[in-house]
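In this text, residue positions in the sequence shown follow my numbering: the first is 692, and each later residue adds one.
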Amino acid sequence: MSYANFFEMLEREPKLKHLWDKENKTLLENDFAAALGVMSSGEVYLAQFFASVWFGNNQRYGFDFVSAIGKLDSDKRLIIAEWLKNPFWP
Numbered sequence: 692m693s694y695a696n697f698f699e700m701l702e703r704e705p706k707l708k709h710l711w712d713k714e715n716k717t718l719l720e721n722d723f724a725a726a727l728g729v730m731s732s733g734e735v736y737l738a739q740f741f742a743s744v745w746f747g748n749n750q751r752y753g754f755d756f757v758s759a760i761g762k763l764d765s766d767k768r769l770i771i772a773e774w775l776k777n778p779f780w781p
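What follows is the structure in C-alpha cells.
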C-alpha cells in the first residue's frame with residue numbers, strides 16, 4: 692500500500708484531513724486527541740477508523756467496528772465498506 696491510497700480515502704472526509712500531515716506522512720496526534728473531544732460521535736468513530744488503518748490496529752484509539760456501523764450514515768459506512776473490500780495500510 693502506498694500513502695497515496697490512505698490520503699485519497701481521507702479526502703472523502705474533509706473534516707478529518709487536517710489531522711494528518713500529508714507531506715511528512717504523520718498523524719498530528721496532539722491535534723487528533725484534542726479534536727476527539729469536540730467531534731460528534733459519528734465523527735469520532737470515523738476518525739478512530741482512519742487512525743486504526745493508519746497504525747494498522749485499533750489499540751491506540753479503540754475503534755469499535757460494530758458500534759461505529761450503528762452510528763455512521765451510509766456515506767461514512769461506505770468508506771469503511773470499500774476499505775474492507777480492499778484493505779491497505781500506510
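Just so it is clear, CB atoms sit at the ideal spot from N, CA and C, and this is done for glycine as well.
Whole-number beta carbon distance between residue j and residue i, since they are thought to touch under 8 Å
i, j, result
"L710", "D722", "5 Å"
"D729", "W780", "For the record, residue 729 in the displayed sequence is Val; it is not Asp. At roughly 28 Å, the Cβ-Cβ gap does not stay under 8 Å, so V729 and W780 are not in contact."
"L737", "L719", "Contact flag wrong, Cβ pair sits at about 16 Å."
Straight-line Cα distance separating residue j from residue i
i, j, result
"D755", "N715", "28 Å"
"W774", "M700", "9 Å"
Minimum C-alpha distance to residue i - residue among the options
i, options, result
"R703", "K767, R751, K776", "K767"
"L769", "N748, F740, F746", "F740"
"L727", "F746, Y752, N748, T717", "Y752"
N- and C-terminal bounds of the alpha helix (DSSP H) containing residue i
i, result
"E773", "765-776"
"V744", "732-746"
"F756", "756-762"
"E720", "720-727"
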